[in-house]
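Asker:
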Amino acid sequence: MPTNQPMKVPSMDPWSVCTVAVRRALMLFALLACLSCGSEPEAEKGLCEGAEAELFTTLLGGAESDIAFGMTRAKDGGIVLVGRSDSLGQGMNRGWLARTDRYGRFEWGTDLGPTSGRADVIATNSGGYLLAHGALQVVELDAKGVVIWEKSYPNFAGKLAEAASVTPQVTGGALVAGTRYLGDNQQSSAREAVVLRIAEDGSLIWGQTYVDEDLTHANDIIADGSKSLIVGWTASKVSAPGREFWAAQLSSTGDVIWSKRYGGLSDDEARAAAIAPAGGYVIAGMTRSYGAGDVDMWVVRVDEQGKELWNRTYGDDDSDEAYAVAAVDKGFIMTGRRNSFGLGPGGLWLLEIDDQGEPVWQMTYGAAWKSAGHAIEVVKDGYVVGGTTRRKSKASDDFWILRSDRVGKHKCPGALCYGEDDLSCGMGLTCDAAEEPFQCVEAP
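In this note's numbering, the protein residues as written are 883 to 1326.
In structure tokens:
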């Protein structure tokens, strides 16, 4: 069971929360190296003005592994991450929800109890948060992180299940998507996608399972008016080809309106979807069937009936993939992981494309260490990205928040940095390590 009170992260390392304004000794942290790729367009003006500039990067973590999967923004602009922690809660493999203010400064965290797999979170109309994690467990918290209720759904979770995504409904309540395994082993068991429609108090309105092939796995669900779209992958246990993108449009009662597969002769996995401004959907993930490298980011644009309009791969000679996608005014923004072009273990990747799939700009951050973006939200003057990174000075992962402008700049003069070899200050800035605290300054 989750704790019923929010808690501060235990004292760990003198570097705690790193933002553009201050270094505070609440937790451990140090800012990570960052590599910018692609063009360097002019940054948005105004975001670096004032005492508390809104461009920043923040790490949240302890001595062990802490991996963020889901993110949402509160009504006051605060940022909430949810994931799995081995160091911030009351033991190993604990669900953990952390909130910062709009500038990335840590406020509180809540231990959600034992968990496994992924997690996702949304803001509620009452000012709190609704999250799904573990074996299709759903928890509502108030604005301060106090648990209001927790529900599980054993008839749909079975022996082994994992939640993947939660999305609000316009009529109240939410949809929760995940995967149920039909055996005792995640690797070898047949599996089916699960969608739960729950009321605001967590009571079950309806639940459905979906099987396209022996292995049908859900990664994301989005609401589209009274309908919804679930995406993931599907494959047969006994016949070729490998995994394919899978998408299904559902009615308000969970009935399948259409179900489609997209892919080639190898493994292709849909990780996320968004509603296209012009109608229809964009689906993003990874492909081994197409592209230039071992794994490439793959984006498929479909109409409202699931008919493919175009598809594009992005990446080069190694592994490049998308974990989240959002619509922007004239196209789409993806985040994920990129480690082509000698980018080491892989960096958090931001890639914007237009409505025909042509790249607009791209940036890669934290490429010297293992980093990835798992969630993204569009704000009026840029993006907030939630992800994970593994710093050079630490052999395990941290939660990571990146707040950038519309072209990927994420630091301002005066922001804290790690040392003279740190590239995280970004475009036009360098890290002044003459004396502590190290700060980003205008490059000479």
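Cβ atoms here follow ideal geometry from the backbone N, Cα and C, with glycine treated the same way.
In the DSSP output, which residue or residues are listed as bridge partners for Y1144?
Answerer: DSSP lists F1127 as partners of Y1144.
Asker: Out of E946, V1021, Q1019, L942, state which residue places its alpha-carbon closest to the alpha-carbon of E989.
Answerer: Among E946, V1021, Q1019, L942, the Cα nearest to that of E989 belongs to L942.
Asker: Below 8 Å, how does it come out for the segment 948-958 and the segment 991-998: are there three or more Cβ pairs, yes or no?
Answerer: They do not touch, by the three-pair rule.
Asker: Using a Cβ-Cβ cutoff of less than 6 Å, which residues in the same chain neighbour K1142 once the five nearest sequence positions on both sides are dropped?
Answerer: A1129, G1188.
Asker: Excluding the 5 residues flanking D1102 on each side, which residues of the same chain have their C-beta closer than 8 Å to its C-beta?
Answerer: Here the set comprises A1046, S1047, A1059, I1112, V1113, G1114, A1152, R1153, A1154, A1155.
Asker: Going by the DSSP bridge assignment, what does N1221 pair with across the sheet?
Answerer: Beta-bridge pairing links N1221 to no other residue.
Asker: Thinking L1023 and G1009 are a contact (beta carbons under 8 Å), I'd like their distance in whole angstroms, please.
Answerer: The pair is not a contact, with the Cβ atoms about 10 Å apart (cut-off 8 Å).
Asker: Drop a sphere of 10 angstroms on the beta-carbon of T1053, count the other beta-carbons inside from all chains shown, and report buried for 16 or more, exposed for fewer.
Answerer: T1053 comes out exposed.
Asker: Please state the DSSP three-state secondary structure of A1005.
Answerer: A1005: strand per DSSP, three-state reduction.
Asker: In terms of DSSP beta bridges, what is K1189 paired with?
Answerer: K1189 is not bridged to any residue.
Asker: Check A1257 in the structure and name its three-state DSSP category.
Answerer: Strand.
Asker: When the Cα atoms are used, what is the spatial distance from M1168 to A1325?
Answerer: M1168 and A1325: Cα-Cα distance of roughly 37 Å.
Asker: Compute the Euclidean distance between the alpha carbons of G1255 and W1282, then round it to the nearest angstrom.
Answerer: Their Cα atoms are separated by approximately 8 Å.
Asker: Go ahead and label M909 buried or exposed: buried means 16 or more other beta carbons lie within 10 angstroms of its beta carbon, across all protein chains shown.
Answerer: Low local confidence applies: a pLDDT of 30 at M909 is under 50, so the model's placement there is unreliable, with the coordinate-based value given in what follows. Result: buried.
Asker: Hey, how far is the Cα of F951 from the Cα of R966?
Answerer: Cα to Cα, the separation comes out at about 8 Å.
Asker: Answer yes or no: do L1078 and L1086 have a C-beta to C-beta separation smaller than 8 Å?
Answerer: A contact, by the Cβ cut-off of 8 Å.
Asker: Does the beta-carbon of V1267 have 16 or more other beta-carbons within 10 angstroms, so that it is buried, or is it exposed?
Answerer: Flag for V1267 reads buried.
Asker: Along the chain, where does the alpha helix (DSSP H) containing S1039 start, and where does it finish?
Answerer: Strictly speaking, residue 1039 in this sequence is Ala, with Ser absent from that position. Counting along the chain, the alpha helix (DSSP H) containing A1039 begins and ends at 1036-1039.
Asker: T940 to G960, Cα distance in whole Å?
Answerer: Looking at the two C-alpha atoms, the distance is approximately 13 Å.
Asker: Taking the alpha-carbon of Q1051 as reference, which of A1001, Q1244, G1016, T1135 has the nearest alpha-carbon?
Answerer: Of the candidates A1001, Q1244, G1016, T1135, the one whose C-alpha sits nearest the C-alpha of Q1051 is T1135.
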